Amino acid sequence: MNSLWVLLWWVIIVVLGYWVYARHVAKNIFEIDEKRTTPAKMYMDGVDFMPANKNVLYGFQLNSIAGAAPIIGPIVALQWGWVPALLWLGLGVFFIGWLHDFSSAMVSIRNDGDTFGALGYKLISPRARKILLTFIYFYLLLIACAFGHIITSGISGNAALPFPLLVVIAVAFLVGHMIYKARVNIITTTIIAIAVIFFSIWLGTVWNIKLSYNLVLVCLLIFGYFSSILPVWRFIQPYNYSSVYVVYFGIIAGVIGILIGHKPMTLPAFTSWSIGMGPLWPLLFVTIACGAISGWHSLVSSTATSRQIENELDVRPVTGGAMFAEFTISIIAVIVCATAFADKAAYIAKVGNPVGIFVGGLGGAITSIGLPLSYAKALSGMMIIILALTVINLVFRFMKVATAELVGDAMSVAKNPHIATVVALIITFVLIKTGTWLYIWVLFGGANQLMASFALLLVTLFLVQKSKNYKIAIYPMFFMYATTVCALFYTSFFKLIPGALAGKKVFGNLFAAAVAILLIILAIILAYDGWKAFKKHKAGETAAPAEAEKVTA
Amino acid sequence: MEEKEKDKKKKKAGGVVGFFRDFTYGMATHGMARHALKTRSSMEHLFILITMGDMLGIPILPPYYSLRLLPHVVPQITTWKRRMLREKDFVDSMY
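Put into structure tokens, the structure is as follows:
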């Protein structure tokens, strides 16, 4: 089948999802009112609460939610065939994904811009906040491990990438210095940065540097340490700023390449209901997380975006629009990879290195616009590694803060940023070296989707509290909850623990299984609290805050 | 009147070029701008604390200088109070 037919599926989902279903929900369920004052206006402080133009916010939201996961997930899920992957991507974003992002922002907006920690405390139970924090910590750990392996295997497997990546890191420091210290005009700085980066990608194709897996892993952890410790303006921001253009260009070139090349889908449409990783349900639904639905988005929507929305009418284009854009990125990933291999065996041989698959696929598509294959491949590799490094940039920083929040009161040493970062780096190193990447990816997807269930639970409770039709949120919540818990259960009890008992990667498999079981226990506690809160809200009461409980006790 | 306002808004948005300009700014720079504002805000908090210290019973600066600085602080007191008193949690520190 020609890949252009996949674009028809994309068009149907976007048109019906964004312009019909999303509009209906926004108008009739959430009763969007352009005259209602938003927290950005009501509590404007010029910092957190500040109205922003919807197009600017759209770019901000997309940049905050789109990492490498919407690309990697579909690539791995092609093992079940591209039809199941496309169906889940389309139906997932249609019924759950956009709704999750949109309603997370709306709930926060209608609650004075409260974050999910505060909303969980108010709407579910006081301990929901702590559960959320624990979720986030292990979610971050799994992200660090999943993306750590992707980056390490990608760089060590492609000798064209180390040189331009070193240049990008150097350029990031330079850009930070030029903007904040030397006060050079930002346009001049940008032009210099873009020119140097794109030139270095070409040089990388000439000056190949072959690095071992272990060396790249150590370099990556050093990179993570400095991203966590250095001031944000010194490295993270200039890095994100100067590298975003490579991603931007890569996506545009990829889309044009797909349209010009319109190659046939060579991988099988459907392989089997059950593969080595496990059965299609529930595994596929957590393997593809971002692109269909991702819990991370709810944190962005309910924290940064909800406090900058100028008008309730902007919520749908900003949050829903960004989600459909991420869905588009996943569709591109499916097309370029399903058209890049001669047969299934060639694809399966590379599935442990998704960066390699993506480089071959997108690189091939980009050659349709006239770029040489070596440059196109290096550009594709840079695009995916840059996206993954953007995630790594933030993960250890967040883990450092989460460690201080979680155990800082009990152990004051956890508040030391260097110690908290080093502990996070060591755990990551151990899990990457001793674990099995495919299962860590499933656990990462599971943690991500559990966060999405948590967000949908909050939305359900909000709708119940306001006496609105909560069925649009509760059914997706049930689906995501059941799917995720089953996926975590299956992976830990049918893959990780038996693997460890058979003597394969004993420590890593047991460690990963322990994380999965912990996530399941937290999910069960949350479900219990959620059920109690649901009954309370249904009866017209509100959850009592912890202080009040303590006083009465 | 409303139609005129809508037309004005459309012109302000700048059409397709305006969309891509704003979108690119949002993707590449908006986060940096927000962080710069946050840094400035934390500096202002310190400034306000120093200036207002003696009013809270903590004599940080000699009263003469506090009084000289007071006019610069007064316009920010409302948002300062709101920011200081607003409940914060871990998620706040992420974005």
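Respectively, the protein sequence lines represent chains L and C. Residue numbers for the first sequence follow the numbering used here, beginning at 67 and rising by one. Residue numbers for the second sequence follow the numbering used here, beginning at -5 and rising by one. C-beta atoms are modelled at their ideal positions from N, C-alpha and C, and glycine is treated no differently. These numbers were taken from a predicted model, which means no experiment stands behind them.
Residue closest to L/Pro230, alpha-carbon to alpha-carbon, out of L/Lys276, L/Thr255, L/Lys196, L/Gly214: As a first step, residue 230 of chain L must be located in the first sequence, where it is residue number 164. When C-alpha distances from L/Pro230 are compared across L/Lys276, L/Thr255, L/Lys196, L/Gly214, the shortest belongs to L/Lys276.
Quick one: grab the DSSP three-state call for L/Asn119. The sequence position of residue 119 of chain L within the first sequence is 53, counting from 1. Shown here, L/Asn119 sits in coil according to DSSP, grouped into three states, outside any helix or strand.
Check whether L/Gln515 and L/Ala118 have beta carbons under 7 Å apart: On the first sequence, position 449 is the one that residue 515 of chain L refers to. On the first sequence, position 52 is the one that residue 118 of chain L refers to. The answer is no: Cβ separation not under 7 Å.
Using three-state DSSP, classify L/Leu74 as helix, strand or coil. Translated into the one-based positions of the first sequence, residue 74 of chain L becomes position 8. Reduced to three states, the DSSP call for L/Leu74 is helix.
Integer-rounded CB distance, given that L/Val237 should sit under 8 Å from L/Ile263: Walking along the first sequence from the start, residue 263 of chain L turns up at place 197. Walking along the first sequence from the start, residue 237 of chain L turns up at place 171. Indeed, because the Cβ distance is near 6 Å, the residues count as touching under 8 Å.
Inter-residue Cα distance where the pair is C/Leu55 and L/Ala605: Indexing the second sequence from 1 puts residue 55 of chain C at position 61. Indexing the first sequence from 1 puts residue 605 of chain L at position 539. When rounded, the distance between both Cα atoms is 55 Å.
With 16 as the cutoff for other CB atoms within 10 Å, does L/His363 come out buried or exposed? Here residue 363 of chain L corresponds to residue number 297 of the first sequence, with the count starting at 1. Flag for L/His363 reads buried.
Contacting positions in the segment 192 to 205 of chain L - beta carbon closer than 8 Å to chain C: For the segment 192 to 205 of chain L, which is checked against every Cβ of chain C, the residues closer than 8 Å are Arg195, Leu198, Leu199, Ile202.
Quick check: what's the CA-CA separation for L/Leu60 versus L/Cys211? Residue 60 of chain L falls outside the range modelled here, since chain L spans only 67 to 619, and no answer is possible.
For L/Ile341, does the three-state DSSP call read helix, strand or coil? Here residue 341 of chain L refers to the residue found at position 275 of the first sequence. The three-state secondary structure of L/Ile341, taken from DSSP, is strand.
For L/Phe602, which of L/Lys537, L/Ala92, L/Gly179, L/Thr526 has the nearest alpha-carbon? Sequence index remark: in the first sequence, residue 602 of chain L carries index 536 (1-based). For the record, residue 602 of chain L in the displayed sequence is Lys; it is not Phe. That would be L/Thr526, whose Cα lies nearest to the Cα of L/Lys602.
Terminal residues of the alpha helix (DSSP H) in which L/Ala568 lies: Your numbering for residue 568 of chain L matches position 502 in the first sequence. Annotation for L/Ala568: no alpha helix (DSSP H) segment contains it, and DSSP assigns it neither H nor E.
Collapsed DSSP secondary structure at L/Ile375 in the structure displayed: Translated into the one-based positions of the first sequence, residue 375 of chain L becomes position 309. In this structure, DSSP gives L/Ile375 an extended state, which the three-state scheme calls strand.
Looking at chain C, which residues of the segment 446 to 468 of chain L have a Cβ within less than 7 Å of any of its Cβ atoms? For the segment 446 to 468 of chain L, which is checked against every Cβ of chain C, the residues closer than 7 Å are Phe464, Val467, Ala468.
Selected residue, minimal CA-CA separation from L/His166, among L/Met546, L/Leu428, L/Lys561: Walking along the first sequence from the start, residue 166 of chain L turns up at place 100. Check the Cα spacing between L/His166 and each of L/Met546, L/Leu428, L/Lys561: the tightest is with L/Met546.
Please name the residue in L/Lys466, L/Ile395, L/Ser558, L/Ile563 whose C-alpha comes closest to that of L/Ala132. For the purposes of this step, residue 132 of chain L is taken as residue 66 along the first sequence, with counting starting at 1. Ranking the options by Cα distance to L/Ala132, first place goes to L/Ile395.
Among the residues of its own chain, which have a CB less than 6 Å from the CB of L/Val72, if the five just before and after it don't count? Taking the first residue of the first sequence as position 1, residue 72 of chain L is located at position 6. The beta carbon of L/Val72 lies closer than 6 Å to those of Ile401 in the same chain, with the five residues before and after it left out.
Residue burial classification, C/Lys75 (beta-carbon count within 10 angstroms, cutoff 16): Translated into the one-based positions of the second sequence, residue 75 of chain C becomes position 81. Classification of C/Lys75: exposed, given that the 10 Å Cβ count is below 16.
Under 9 Å Cβ-Cβ, which residues of chain L neighbour C/Gly20? Residue mapping note: residue 20 of chain C aligns to position 26 of the second sequence, counting from 1. Within chain L, the residues near C/Gly20 are Ala118, Asn119, Asn121, Val122, Leu123, Tyr124, Gly125, Phe126, Gln127, Leu128, Asn129.
Are there three or more Cβ pairs, one per stretch, closer than 8 Å when the segment 482 to 491 of chain L is compared with the segment 245 to 253 of chain L? Proximity of the segment 482 to 491 of chain L to the segment 245 to 253 of chain L falls short of the contact definition, fewer than three beta-carbon pairs being nearer than 8 Å.
Assign L/Pro136 to buried or exposed, taking buried as 16 or more other Cβ atoms, counted over all protein chains shown, within 10 Å of its Cβ. Looking up residue 136 of chain L in the first sequence gives position 70. Of the other Cβ atoms in all chains shown, 16 or more fall within 10 Å of the Cβ of L/Pro136; this residue is therefore buried.
Among L/Leu460, L/Leu453, L/Tyr87, L/Tyr109, which has the Cα closest to the Cα of L/Glu376? Start at 1 with the first residue of the first sequence, and residue 376 of chain L comes out as number 310. The option with the nearest alpha carbon to L/Glu376 is L/Tyr109.
Keeping to the same chain, check which residues put their C-beta closer than 6 Å to that of L/Trp503; ignore five residues upstream and five downstream. Here residue 503 of chain L refers to the residue found at position 437 when the first sequence is read from its first residue. His215.
Taking the C-alpha atoms as reference points, what is the distance between L/Glu613 and L/Ser191? Here residue 613 of chain L is taken as the residue at index 547 of the first sequence, counted from 1. Here residue 191 of chain L is taken as the residue at index 125 of the first sequence, counted from 1. Here the model assigns L/Glu613 a pLDDT of 49, short of 50, so the residue's position is not dependable and the matter cannot be decided.
What whole-angstrom Cβ distance do L/Leu207 and L/Ile493 have, given they're in contact under 8 Å? Locating residue 207 of chain L in the first sequence gives position 141, counting from the first residue. Locating residue 493 of chain L in the first sequence gives position 427, counting from the first residue. Contact holds; Cβ gap of about 6 Å.
For the putative contact between L/Ala184 and C/Glu81, defined by C-beta atoms under 8 Å, what is the C-beta separation to the nearest angstrom? Position 118 of the first sequence, counting from 1, holds the residue named residue 184 of chain L. Position 87 of the second sequence, counting from 1, holds the residue named residue 81 of chain C. So it is a contact: roughly 6 Å between Cβ atoms.
Between the segment 147 to 163 of chain L and chain C, which residues of the former have CB atoms less than 9 Å from a CB of the latter, in chain order? Listed in sequence order: no entries.
For L/Tyr307, decide whether its Cβ has a neighbour in chain C, counting only Cβ atoms nearer than 7 Å. Walking along the first sequence from the start, residue 307 of chain L turns up at place 241. The beta carbon of L/Tyr307 falls within 7 Å of a beta carbon belonging to chain C, placing the residue at that interface.
Do you know offhand how far L/Asn121's Cα is from L/Ala226's? Start at 1 with the first residue of the first sequence, and residue 121 of chain L comes out as number 55. Start at 1 with the first residue of the first sequence, and residue 226 of chain L comes out as number 160. Their backbone Cα atoms lie some 36 Å apart in a straight line.
Name, in chain order, the residues that DSSP records as bridge partners for L/Asn68. Here residue 68 of chain L is taken as the residue at index 2 of the first sequence, counted from 1. L/Pro330.
According to a CB-to-CB cut-off of less than 7 Å, which residues of the segment 82 to 116 of chain L neighbour chain C? Along the segment 82 to 116 of chain L, the positions whose C-beta sits under 7 Å from a C-beta of chain C are Tyr109, Asp111, Gly112, Val113, read in chain order.
Could you name the residues of the segment 178 to 190 of chain L whose beta carbon sits closer than 7 Å to any beta carbon of chain C, in the order they occur along the chain? Cβ contacts with chain C come from Thr181, Phe182, Gly183, Ala184.
Mind listing, in chain order, the continuous alpha helix (DSSP H) runs of no fewer than 4 residues lying wholly within the segment 352 to 426 of chain L? Here the runs fully enclosed are 361 to 366, 387 to 404, 410 to 414.
Going by DSSP in three states, C/Tyr155 sits in which element: helix, strand or coil? Nothing in the structure corresponds to residue 155 of chain C, since chain C is present only between -5 and 89.
In the DSSP assignment, find the unbroken alpha helix (DSSP H) run with L/Pro140 in it and report its ends. Counting from one through the first sequence, the residue named residue 140 of chain L turns up at place 74. Residues 135 to 143.
Minimum C-alpha distance to L/Val352 - residue among L/Phe407, L/Ala513, L/Phe161, L/Ile414: Within the first sequence, numbered from 1, the residue matching residue 352 of chain L stands at position 286. For the residues L/Phe407, L/Ala513, L/Phe161, L/Ile414, the minimum Cα distance to L/Val352 belongs to L/Ala513.
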